[in-house]
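Peer 1:
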Amino acid sequence: MKRSWDDAFSATPAEFHRRVALTLSRIEEDNMKRRSKLSMGLIMLAIVLALAGGAALATGNVFGWVAPRYADDELNARFARLNELADAQVQTAVSADGAQVLELTQNYYDGDVLCVAYRLSGLSEADAIDAEFEPDAELRARIKSEGAPVDELTSVYGAEDESVRALLEDLARREFTGDDWACIAVYGAFLSDHTFVTVDGERVDVAYCFDGAKLEGDVLIGYREYRVGEDEYALPASDGAQQITYEMALNRQVWYYYRDASGFYTLSERLAKEPFEFTVRRIEQPAGDAGQADID
């Protein structure tokens, strides 16, 4: 089981809001990608975080910031070395509406390991609430047949937000009879777990084996690591490619909350998936320094 940075501290409402979105993304896409098949040898040790160091994260120096926060000296050294070797030339991609900006702030690729650090800003621009959403009859029926019953408001997406929580509580209190119904729609955006790389001209679906993510205000900062292996979604081996293409995607999602005389239901749907493409160049490790350069 992967552990993310957010597991290491008590989340604020905004952090919890984003963490739930990320979790929902993983649940949805795990059904397609079955990352549980990854070798247990790749399972990440939990990162122990302090809330200090925001300035370092703001500059995109994720690897350097993580390194001294490991309790394990070997992992400390590994991330310090990774920070030293990584390409720190920032690459930037902007969403079609200009509201979100995704930056690849550090990247390391040596043919066997790919590790990227990223910074995504403008997430709150995708957040919206429609308190009087009017689904058609087909969508209402689908919410009831495919959605989940709402038993506890604290367990549903958005409930930690005061505005959403107030609307949900009002919906739960109201009496519905006959054909009466009401619906709320909550919109948000988050990075997809679904990733593609193009190696030696072949575009391949890959799954990361290590990851970490932390919300700083309106900016999501994190890293993902991929490795060559036997798993179906492992990083493919290269014949000496000097660069690869790395794709991340931004999911836009809506969560419906529907109430009628028969019950209270919730259903989420993906509205759009916008890909962002980056070029990652191979890092040639210093001659005579292979032992220290080995980040495994």
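In the working numbering, the protein residues as written are 14 to 309.
Glycine is no exception: its CB is placed at the ideal position from the N, C-alpha and C atoms.
As the structure is a prediction and not an experimental result, all values here were calculated from the model.
(1) Starting from cysteine 128, follow its DSSP beta bridges and name the residues at the other end.
(2) Mind checking which residues open and close the alpha helix (DSSP H) that includes aspartate 183?
(3) In this structure, what does DSSP give as the bridge partners for asparagine 264?
(4) DSSP state of valine 75, grouped into three classes?
(5) Quick check on the burial criterion: 16 or more other C-beta atoms within 10 angstroms. Buried or exposed for aspartate 193?
(6) Taking just the CA atoms, how far does glycine 191 sit from glycine 135?
(7) What's the call for threonine 118, buried or exposed, on a 16-neighbour Cβ count within 10 Å?
(8) In three-state DSSP terms, what is arginine 216?
(9) Over what stretch of residues does the beta strand (DSSP E) that includes alanine 106 continue unbroken?
(10) In chain order, what residues of the same chain lie with their CB nearer than 7 Å to the CB of alanine 185, ignoring the 5 residues before and after it?
(11) Can you find the residues in the same chain that come closer than 7 Å, C-beta to C-beta, to alanine 201, ignoring five residues on each side of it along the sequence?
(12) Could you round the C-beta distance between tyrosine 122 and glycine 235 to whole angstroms and report it? I think they count as a contact, below 8 Å.
(13) Once DSSP output is grouped into helix, strand and coil, what is the label at arginine 295?
(14) With respect to 7 Å, is the separation between the Cβ of aspartate 123 and the closest non-hydrogen atom of the ligand GDP below this value?
(15) Can you give me the Cβ contacts of alanine 198 inside the same chain, cut-off strictly under 6 Å, excluding the 5 residues immediately before and after it?
(16) Within a Cβ cutoff of 8 Å, which residues of the same chain sit near arginine 155, ignoring the five residues on either side of it in sequence?
(17) Run through DSSP, which three-state label would phenylalanine 146 get?
(18) With a threshold of 16 other CB atoms inside 10 Å of the CB of glycine 225, please say whether the residue is buried or exposed.
(19) Alanine 198 by DSSP, collapsed to three states: which one?
(20) Looking only at its own chain, which residues have a Cβ that is under 6 Å from the Cβ of proline 249, when we skip the five neighbours before and after it?
Peer 2: Taking the structure as given:
(1) To locate residue 128, count along the sequence shown from 1; it is residue 115. Answer is Tyr121 and Glu238, bridged to cysteine 128.
(2) The residue you call residue 183 lines up with position 170 of the sequence shown. Its alpha helix (DSSP H) spans residues 175-186.
(3) Counting from 1 along the sequence shown, the entry for residue 264 is found at position 251. Answer by DSSP bridge pairing, in chain order: Phe203 and Lys286.
(4) For this step, residue 75 is matched to residue 62 along the sequence shown. It is helical.
(5) By one-based count along the sequence shown, residue 193 stands at place 180. It counts as exposed.
(6) Sequence index remark: in the sequence shown, residue 135 carries index 122 (1-based). Sequence index remark: in the sequence shown, residue 191 carries index 178 (1-based). Roughly 42 Å separates the two Cα atoms.
(7) By 1-based counting over the sequence shown, the position of residue 118 is 105. It counts as buried.
(8) Your numbering for residue 216 matches position 203 in the sequence shown. Strand at arginine 216.
(9) Numbered from 1 along the sequence shown, position 93 holds the residue referred to as residue 106. Unbroken beta strand (DSSP E) run through alanine 106: 104-107.
(10) Position 172 of the sequence shown, counted from the start, is the residue given in the question as residue 185. Cβ neighbours of alanine 185 beyond the five flanking positions: Leu166 and Phe277.
(11) Looking up residue 201 in the sequence shown gives position 188. Just to set this straight, residue 201 is glycine in the shown sequence, not alanine. Excluding residues within five positions, the ones whose Cβ falls inside 7 Å are Ala34, Ala139, Asp140 and Gln266.
(12) Position 109 of the sequence shown holds residue 122. Position 222 of the sequence shown holds residue 235. The pair is not a contact, with the Cβ atoms about 18 Å apart (cut-off 8 Å).
(13) For the purposes of this step, residue 295 is taken as residue 282 along the sequence shown, with counting starting at 1. Arginine 295 falls in the coil class under three-state DSSP.
(14) The ligand GDP is not part of this structure, which contains no ligands at all.
(15) For the purposes of this step, residue 198 is identified with residue 185 of the sequence shown, where counting begins at 1. Answer for alanine 198: Asp143, Phe146, Val267 and Tyr269, listed in chain order.
(16) In the sequence shown, the residue the question calls residue 155 occupies position 142. Taken in chain order, the residues that qualify are Leu280.
(17) The count along the sequence shown starts at 1 and reaches residue 146 at position 133. Looking at phenylalanine 146 - three-state DSSP - the assignment turns out to be coil, as it is neither helix nor strand.
(18) Here residue 225 is taken as the residue at index 212 of the sequence shown, counted from 1. By the neighbour-count rule (16 or more Cβ atoms within 10 Å), glycine 225 is buried.
(19) If you number the sequence shown from 1, residue 198 lands on position 185. Strand at alanine 198.
(20) Locating residue 249 in the sequence shown gives position 236, where the first residue counts as 1. Cβ neighbours of proline 249 beyond the five flanking positions: Val212 and Val217.
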